[in-house]
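Numbering (numbering that gives the first Met the number 0), first residue to last: 0 to 101.
Backbone N, C-alpha and C define an ideal beta-carbon position, used for all residues, glycine too.
Remember, it's a predicted structure, so these values are computed and weren't measured experimentally.
Read the structure below first, then the notes.
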Amino acid sequence: MRMNKILSLIGLATKAGKTVSGEFSTEKAVKSGTACLVLVSEEASANTKKKFQNMCTWYEVPIYFYGTKEDLGAAIGKQFRASMAVTDPGLSDAIVKQFTLD
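Here is the structure:
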């Protein structure tokens, strides 16, 4: 159930134009300070995970490893996505809240 909630919030953020996806755009959002939350697929390579983990720690952006590339892609209307960022503080808070409900 929680997974559907997170994916629908991601979809909502995308419809509002508040997500960026793909490695390059996600990295740019983190470094420019527009990313409020980063999501990286659990299927992403160890290298990609490490890179985003280090970057998000440095820039103090919350990061979660979540779902398959297909899950993330489907939530934002793309085929596959290994990484994405949410650029809206309210929506990213709502998503983080879902992660902390465990």
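- Query: Within the 8 Å Cβ cut-off, does lysine 96 reach chain B?
  - Reply: No chain B is present in this structure, which holds just one protein chain.
- Query: Buried or exposed: aspartate 92, going by 16 or more other Cβ atoms within 10 Å of its Cβ?
  - Reply: Residue mapping note: residue 92 aligns to position 93 of the sequence shown, counting from 1. The Cβ neighbour count for aspartate 92, taken over all protein chains shown within 10 Å, is under 16; the residue is labelled exposed.
- Give the straight-line distance between the Cα atoms of alanine 74 and phenylalanine 64, rounded to the nearest whole angstrom. One-based indexing of the sequence shown puts residue 74 at position 75. One-based indexing of the sequence shown puts residue 64 at position 65. Cα-Cα distance, rounded: 15 Å.
- According to DSSP, which residues form a beta bridge with leucine 38? Translated into positions along the sequence shown, residue 38 becomes position 39. Leucine 38 is bridged to Tyr63, Met83.
- Message: Would the segment 13–24 count as touching the segment 80–87 if we require 3 or more Cβ pairs under 8 Å?
- Response: yes
- Three-state class that DSSP yields for serine 44 in the structure shown: Position 45 of the sequence shown, counted from the first residue, corresponds to residue 44. Here serine 44 sits in coil by DSSP.
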